[in-house]
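Number of protein chains: 2
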Amino acid sequence: MRGVVLYGPEDVRVDERARPVVVKPTDAVIRVSAACVCGSDLWPYRGEDPTSEPTPMGHEYVGVVEEIGSDVRNVKVGDFVIGSFMASDNTCETCLAGYQSLCAHVEYAGAGGAQSEYLRVPLADGTLVATPGQPDADLIPSLLAASDVLGTGWFGAVAAEAGPGKTVAVVGDGAVGLLAVLAAKQLGAERIIAMSRHESRQKLALEFGATDIVTERGDEGVAVIKELTGGYGAHSVVEAVGTQESMMQAIRSARPGGHVGYVGVSHGVELPGQALFFSGVHLHGGPAPVRRFLPELIRLVWDRAIDPGKVFDLTLPLEDAAEGYRAMHERRAIKALLLP
Amino acid sequence: MRGVVLYGPEDVRVDERARPVVVKPTDAVIRVSAACVCGSDLWPYRGEDPTSEPTPMGHEYVGVVEEIGSDVRNVKVGDFVIGSFMASDNTCETCLAGYQSLCAHVEYAGAGGAQSEYLRVPLADGTLVATPGQPDADLIPSLLAASDVLGTGWFGAVAAEAGPGKTVAVVGDGAVGLLAVLAAKQLGAERIIAMSRHESRQKLALEFGATDIVTERGDEGVAVIKELTGGYGAHSVVEAVGTQESMMQAIRSARPGGHVGYVGVSHGVELPGQALFFSGVHLHGGPAPVRRFLPELIRLVWDRAIDPGKVFDLTLPLEDAAEGYRAMHERRAIKALLLP
């Protein structure tokens, strides 16, 4: 089968790879209908995370179950399914508490590389959720979004306790940040401030429910947020970048007692204890437990109540994956969808 | 009047100082019935916080209102009152949200030094809470505890979401940590693990409601907490020290999705972003909004439902304040009460 492999910085290739098979009785193998390039794939693409050997890429996927292990009960061959990037048993205490991405038996669902024709998904019963039927083609991008970016933005908004009466600021205008705007809107936030300086992303943020756009960053960005909130800061701030600057911008944009939900994979961040202490904020985040939200997100997409698939502004055949990475790296595209 | 002044490391003196008067119409002056030495007073006492000039000490107090400014409505001359170490208006959005210690008009209530015969308290209406009447003498230590250590330990337990069905671990066996144990018990926690290697403190922790004592620290302490909790970690962890080691011990002792409430004043702490991200914990803390809890804590003390005053294992006349500092510094005393 064909699959995307990263060989090193800016070196993305589509290789012939072994088609995955069921290895454990809890596995499923799916035929990938659509996959995509994640903002976090850009860390190794840019060399900011090292790539020591050729690495199969991709951890977002929707597809049709092709084969299941003997212990799999919750999905069957032919089901159209969505899973999180982290495979989870969905039965341990951590899963039952809603933290499936940190499951006691967690495995990386993208280990085999989801940007490919087939994918082995471990712990299929706990990881995969079937849609109510075979989806219309136009729903596929939105269902695919639920696999990571929508679920991650949603978790950011939930972790930031976005809700009625709240002012929510979103730091980061990548697909996750934009979908955190959508999530905040769905969760009933009163005011949603998107921090973005890119016109196409601002436009999408407004479509998703942003009420204000702030183009300033750092100290100036914080000052504008304070100005917009009577000097107090936002009730809820979603951090969707993962750098020192964006984390501090998020923490400082929140009011005392406010909530910062951070979902940008942390890179080189060191939080100064004293500044955090005197900020008085709640801080919560980490790898999003997408599985917690999947049933609800699938329902919202299925009912066409939300259209998160709009973040895909570039659709390419799998063979052209390198161009998808390049376009996102150069910020010509928000997010690239790949069709095997 | 007589008052405690810190001149430099380990140099505590009791000086003749000007008796405070009402300066602003929102002030009250109280005759201090009892004050005490705080764990945080030991930072400058040890030279870990610099003392650039002779500094009046103390920020925990109970006493009788002696004089009020013309705008003060909520307390009157003769009332027995307790206030937090931070003066707050209790009317701004931050106060109304329960974060009075970070009030939009916050002032340090200990600016005049509460370890003295009289104290000027700013923003008296928002800061002071009167007891239902003049207290019996034996209640005074417990009422005094509410001014800071009880309120701070309580906030730590609330921030850690201690409650029914929860396993709560407490890092730090100073007065705040011990009172976090008491708070966790009052909040209905199922299991309370005190991390302590000092016999007298272990004893008090057990009296306050601890179900388990763990003497190990650092990696070993974390391993024991995991062992006691089926490998998952505690649901709630209170951090009551403020060092890098104690913060990391607290974060690593919590399960994914668990809650860390940190109330130790942060000293030299740098939280590694990636470890925090993948811990999946909730982190909340800061200077305790004691004022939020004062009415409830006063009621519990008044009804003799709790006896937080037990943390005072040394009572001295104000003139002997230096011995109180020394005894706490050398860990011969948990907490020293000073009688003007």
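Residue numbers (our numbering), protein chains in the order written: chain A, 1 to 340; chain B, 1 to 340.
We put the CB at the ideal spot given by N, CA and C, even for glycine.
Chain B has no Cβ within less than 8 Å of the Cβ of Tyr108 (chain A). Judged by beta-carbon spacing, Ala111 (chain A) lies beyond the 8 Å limit of Ile68 (chain A), meaning their Cβ atoms are not closer than that value. A direct Cα-Cα distance of roughly 34 Å separates Phe208 (chain B) from Ala28 (chain B). Spanning the alpha carbons of Gly174 (chain B) and Ser116 (chain A) requires a straight line of approximately 57 Å. Each residue's CA atom was taken as its position, placing His282 (chain A) and Val77 (chain A) some 44 Å apart.
Taken through DSSP and simplified to helix, strand or coil, His105 (chain B) comes out as coil. Segment contact: the region 188-207 of chain A against the region 159-169 of chain A, three or more CB-CB distances shorter than 8 Å; contact assigned. For Lys185 (chain B), the enclosing alpha helix (DSSP H) stretches over residues 175-186. Excluding sequence positions up to five before and after Ser52 (chain B), its CB lies less than 8 Å from no other CB in the same chain.
Taken through DSSP and simplified to helix, strand or coil, Ala275 (chain A) comes out as helix. For Gly98 (chain A), the nearest beta carbon of chain B is closer than 8 Å to its own beta carbon.
According to DSSP, Met86 (chain A) shares a beta bridge with A:Tyr108. Contact annotation, Leu178 (chain A) with Leu204 (chain A): C-beta distance approximately 5 Å; criterion of less than 8 Å satisfied. With a 10 Å radius around the Cβ and a threshold of 16 neighbouring Cβ atoms, Gly47 (chain A) comes out exposed. By the CB criterion at 8 Å, Ala333 (chain B) and Asp320 (chain B) fall outside the cutoff. Its Cα nearest to that of Gly3 (chain A), the residue A:Arg120 stands out among A:Val64, A:Gln244, A:Ser88, A:Arg120.
By the beta-carbon neighbour count (other beta carbons within 10 angstroms, threshold 16), Ala184 (chain A) is buried. Proximity of chain A to Met247 (chain B) at the Cβ level (cut-off 8 Å) is accounted for by Gly273, in chain order. Against chain A, the CB of Gly280 (chain B) has a partner CB under 8 Å away; the residue lies at that interface. Under DSSP, the beta-bridge partners assigned to His282 (chain A) are A:His259, B:His284. Under the three-state reduction of DSSP, Arg201 (chain B) is assigned to helix.
Contacts with chain B (Cβ-Cβ distance below 9 Å) from the region 66-99 of chain A involve Cys92, Glu93, Thr94, Ala97, Gly98, Tyr99, listed in chain order. Per the Cβ contact rule, the region 2-21 of chain A is not in contact with the region 290-300 of chain A (fewer than 3 Cβ pairs under 8 Å). Under the Cβ criterion of 8 Å, Ala104 (chain A) is counted among the residues facing chain B. Beta-bridge pairing by DSSP links Glu239 (chain A) to A:Val171, A:Tyr262. Boundaries of the beta strand (DSSP E) harbouring Val29 (chain B): 28-36, taken from the DSSP string. Within 8 Å of the CB of Glu48 (chain A), no CB atom of chain B is found; the nearest one sits about 13 Å away. At a cut-off of 8 Å between C-beta atoms, Leu283 (chain A) counts as an interface residue with respect to chain B. In this structure, the beta-carbon distance from Phe85 (chain B) to Asp148 (chain B) falls below 8 Å. Taking 8 Å as the cut-off, the Cβ atoms of Ala240 (chain B) and Val170 (chain B) count as close. With distances taken between CA atoms, Asp303 (chain B) lies nearest to B:Pro132 out of B:Met57, B:Asp79, B:Val62, B:Pro132. Per the Cβ contact rule, the region 96-108 of chain A is in contact with the region 255-266 of chain B (3 or more Cβ pairs under 8 Å). Judged by beta-carbon spacing, Ala160 (chain B) lies within the 8 Å limit of Ser236 (chain B), meaning their Cβ atoms are closer than that value.
Counting C-beta atoms within 10 angstroms of its own C-beta, Arg292 (chain A) has 16 or more neighbours from the protein chains shown and is therefore classed as buried. Secondary structure of Lys226 (chain A) (DSSP, three-state): helix. A direct Cα-to-Cα measurement between Val269 (chain B) and Gly218 (chain A) gives close to 22 Å.
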